[in-house]
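Using the numbering used here, read the sequence shown as starting at 23 and increasing by one per residue. Virtual Cβ for every residue (Gly too), placed ideally from N, Cα, C. Owing to the predicted nature of the structure, the values given are computational and were not obtained by experimental measurement. Presented below is the structure to which this report refers.
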Amino acid sequence: TFRDVSVVRGGRTIWSDASFEVPAGGVVAIIGSNGTGKTTLLQMVLGLIPPSTGRIEVFGRPPGSLNGEIGYVPQHYTALGGEAIRARDAVTLGLTGHRWGFGRTSHDERLRVDEALDAVAATDIADKRLSQLSGGQRQRVALAEALVGRPKLVILDEPLASLDLRSQHELVALVKHINAEFGVTVLLVAHDLNPLLTILTGAIYLLDGHPHYDTVD
Numbered sequence: 023t024f025r026d027v028s029v030v031r032g033g034r035t036i037w038s039d040a041s042f043e044v045p046a047g048g049v050v051a052i053i054g055s056n057g058t059g060k061t062t063l064l065q066m067v068l069g070l071i072p073p074s075t076g077r078i079e080v081f082g083r084p085p086g087s088l089n090g091e092i093g094y095v096p097q098h099y100t101a102l103g104g105e106a107i108r109a110r111d112a113v114t115l116g117l118t119g120h121r122w123g124f125g126r127t128s129h130d131e132r133l134r135v136d137e138a139l140d141a142v143a144a145t146d147i148a149d150k151r152l153s154q155l156s157g158g159q160r161q162r163v164a165l166a167e168a169l170v171g172r173p174k175l176v177i178l179d180e181p182l183a184s185l186d187l188r189s190q191h192e193l194v195a196l197v198k199h200i201n202a203e204f205g206v207t208v209l210l211v212a213h214d215l216n217p218l219l220t221i222l223t224g225a226i227y228l229l230d231g232h233p234h235y236d237t238v239d
C-alpha cells in the first residue's frame, strides 16, 4: 500500500502524491520507461530507502520490518560464494546467509533447499557450478534462492532481460507455477507486458510521475 508517496532524487521530483494498493496473491508487473522510478519502487518495498514523503506498508507493516518475508531476484544474479560454487550451495545461502560447503546444515535446511530446487525444476543442475549454467538456468537458481526462505512476496528485477525466447517462456511458466502452488505474491519489473499477459493479475504503471495500479484482463 502506497499512501501519498512522493519521491525526490537529486532535486528532481520523480513521483508526486502517489496512492495505490496492490492486492496480495497475484502476479504484478512494474512497467515504465527509464527514469520513472522502477528501481526506486523496488528499493522502497525492500525497505532499503524511505519515500521522501508519505507512507508505504507491505502486508500491513513497514517494509524494513519484514525480514525473510520478501525474496529478491536481481537483474544480474551473482551468488555470495562466487561463480565456482554449486547451484545447491548458492540456494543454501538464501537460507543460512553465510555457509556453503563448510560446516553442517540441518536436515530441515537440506529439505528446504531440495524443495526450492524442485519448485523451479532445477534439481538436475543442483550439483553444477554457477559458471557452467546458461542464463535461464541461473535465473532458476536465483529464484530458488529467493524461495528457500518461504517468503510471502518475491520481487524480480527485469527477469526476462537477456534471455532467449525459449528461456523467457520457461520463466513465465515457472512464475505462474510458484504463484499458484505456493500462493506467493510476485512483483516483477518489465519493459514489455506482452510475454507476461497470460499470468499477470495487475500492473503498476509509472507514468508522468503519477504511478497507479490497475488490473490486467
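- Minimum Cα-Cα distance from Ser74 among the listed residues Val29, Gly33 and Leu210 corresponds to Val29.
- When C-beta atoms of the stretch 202 to 211 are compared with those of the stretch 34 to 49, three or more pairs fall below 8 Å, so the two segments count as touching.
- Counting C-beta atoms within 10 angstroms of its own C-beta, Ala144 has 16 or more neighbours from the protein chains shown and is therefore classed as buried.
- The beta carbon of Pro173 is closer than 6 Å to those of Glu91, Ile92 and Gly93 in its chain, skipping five residues each way along the sequence.
- Per the coordinates, the alpha-carbon of Gln97 lies some 26 Å from the alpha-carbon of Ala40.
- Of the residues Thr58, Thr223 and Pro85, the one whose Cα lies closest to the Cα of Ser38 is Thr58.
- Taking 8 Å as the cut-off, the beta carbon of Ala109 is found no closer than this to the beta carbon of Leu165.
- In this structure the stretch 174 to 187 touches the stretch 210 to 227; the number of beta carbon pairs closer than 8 Å is three or more.
- In the displayed model, Ile36 falls within a strand according to three-state DSSP.
- By the neighbour-count definition (other C-beta atoms within 10 Å, threshold 16), Arg31 is an exposed residue.
- For the 8 Å CB-CB criterion, Thr62 and Ile36 form a contact.
- Across the set Arg134, Asp239, Val135 and Asp230, the C-alpha of Asp230 shows the shortest separation from the C-alpha of Asn56.
- Counting along the chain, Arg160 sits inside no beta strand (DSSP E); it lies in the alpha helix (DSSP H) bounded by residues Gly157 to Leu169.
- With contacts defined as CB atoms closer than 8 Å, Ile107 and Tyr227 fail to qualify as a contacting pair.
- Gly69 has its alpha-carbon roughly 8 Å from the corresponding atom of Ser87.
- DSSP places His129 in the helix class (H, G or I) of the three-state scheme.
- According to the DSSP secondary-structure assignment, Asp149 is paired through a beta bridge with no residue.
- In its chain, beyond the 5 residues on either side, Val50 and Tyr235 have a beta carbon closer than 6 Å to the beta carbon of Val44.
- For Thr237, same chain residues with a beta-carbon under 6 Å away, outside a window of 5 residues either side, are Gly224 in chain order.
- Burial is judged here by how many other beta carbons sit within 10 angstroms of a residue's own beta carbon; Ala202 has fewer than 16 and is exposed.
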